[in-house]
Amino acid sequence: MAIFSTFSVKISEDAATQVIRKLPTVYGGSSRMVQSIIRNNSENMANTVPMMSCYVQDLQPNSEYRLNPHGSDTVYAIEKEFDEDTQTYTDEPGNRYAIKRLMPVPYLLTMNLDIATSNTEQKLMILEQILVLFNPAINLLSNDNIFDWASLTYVELTGISWSSNAIPVGTEENIDISTLTYTMPIYLGAPSKVSHQKLIHTIIAS
Numbered sequence: 000m001a002i003f004s005t006f007s008v009k010i011s012e013d014a015a016t017q018v019i020r021k022l023p024t025v026y027g028g029s030s031r032m033v034q035s036i037i038r039n040n041s042e043n044m045a046n047t048v049p050m051m052s053c054y055v056q057d058l059q060p061n062s063e064y065r066l067n068p069h070g071s072d073t074v075y076a077i078e079k080e081f082d083e084d085t086q087t088y089t090d091e092p093g094n095r096y097a098i099k100r101l102m103p104v105p106y107l108l109t110m111n112l113d114i115a116t117s118n119t120e121q122k123l124m125i126l127e128q129i130l131v132l133f134n135p136a137i138n139l140l141s142n143d144n145i146f147d148w149a150s151l152t153y154v155e156l157t158g159i160s161w162s163s164n165a166i167p168v169g170t171e172e173n174i175d176i177s178t179l180t181y182t183m184p185i186y187l188g189a190p191s192k193v194s195h196q197k198l199i200h201t202i203i204a205s
C-alpha cells in the first residue's frame, strides 16, 4: 500500500482556486464491523471518491523460484568494539556472530488496486501517475538487513480493467471503478539461528 500512498488528484478546475488533494489508499479486506463503523452504522452514508483500495486476490506457491527446500547457509558478522568510556565505536573488532539462515519458501502474490472515481477525468489523472511508474515493474527492498537474502523483490503490473460500469440503466450515477492487477514474488522464511562466537584464549593440556 505504501507504493500508492503518494499520488494526488486535482479537484478544482479554476486556476485561481486550484485544489490538489492527496489520494487516500485503504486496505480493501476490512471486516463488515469496521466498515459499518466507518459508515456511522448507517446505509445512507455516501461513498467518498476519489479513493484507492488494495486487497489480496491470490497466493500460490512459486515453484520457479524454489531452489533447495532443505538448504541452509551460514554467514559471519563482526561488530566494531564499543568503548564504554567514550560511548563510541572503535576500529577494533568486537563481538563475532554466526548466522545460520534457512532457505525461504517462495510464493507468488497477486493483488488488486481498485481506483474509485466519479468521472473519467479523475480516472485519467490517477492512471497517468501510476502507469508511467510501472513499465512494467518496479524493484522493492522490503528491509535494509544485509543478511536477509529475500529482501529484494519486484512488483509487476500484469492486468488492467478499465471500468466496472456496463451499459447505463436509469439516471443514477454509479461510482466508476478501474482495477489494476499486480503480481510479486514473496518469501516466507523461518527465523535464523544466531550464535555468539567466542575466541579461545588459553589451552590447558593435561
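Here numbering that gives the first Met the number 0 is used: the first residue of the sequence shown is 0, the next is one more, and so on. Cβ coordinates follow ideal geometry from the N, Cα and C atoms, glycine included. It should be emphasised that the depicted structure is a prediction, and the values quoted were computed from it without experimental measurement.
Burial state of residue i (16 or more Cβ within 10 Å)
{"i": "Leu112", "result": "buried"}
{"i": "Ser41", "result": "exposed"}
{"i": "Phe3", "result": "buried"}
{"i": "Asp82", "result": "exposed"}
{"i": "Tyr26", "result": "exposed"}
{"i": "Lys122", "result": "buried"}
{"i": "Tyr181", "result": "buried"}
{"i": "Asp175", "result": "buried"}
{"i": "Arg100", "result": "buried"}
{"i": "Ile114", "result": "buried"}
Collapsed DSSP secondary structure at residue i in the structure displayed
{"i": "Met0", "result": "coil"}
{"i": "Leu101", "result": "strand"}
{"i": "Ser62", "result": "helix"}
{"i": "Gln128", "result": "helix"}
{"i": "Gly206", "result": "The shown model of the chain, from 0 to 205, leaves out residue 206, and the question about it has no answer."}
{"i": "Phe6", "result": "coil"}
{"i": "Ser213", "result": "The chain is shown only over 0 to 205; residue 213 falls outside these bounds and no answer can be derived."}
{"i": "Ser41", "result": "coil"}
{"i": "Val18", "result": "coil"}
{"i": "Ser71", "result": "strand"}
For residue i: DSSP bridge partner residues
{"i": "Lys122", "result": "Beta-bridge pairing links Lys122 to no other residue."}
{"i": "Asn111", "result": "Tyr54, Thr180"}
{"i": "His195", "result": "Tyr96"}
{"i": "Phe81", "result": "Tyr88"}
{"i": "Val154", "result": "Ile137"}
Supposed close pair residue i, residue j - CB separation, criterion 8 Å
{"i": "Ala149", "j": "Gly188", "result": "6 Å"}
{"i": "Gln286", "j": "Tyr106", "result": "The structure shown does not extend to residue 286, since the chain is modelled only from 0 through 205, so no value can be given for it."}
Short CB-CB distance (under 8 Å) between residue i and chain B
{"i": "Asp147", "result": "Any reference to chain B falls outside this structure, which holds one protein chain only."}
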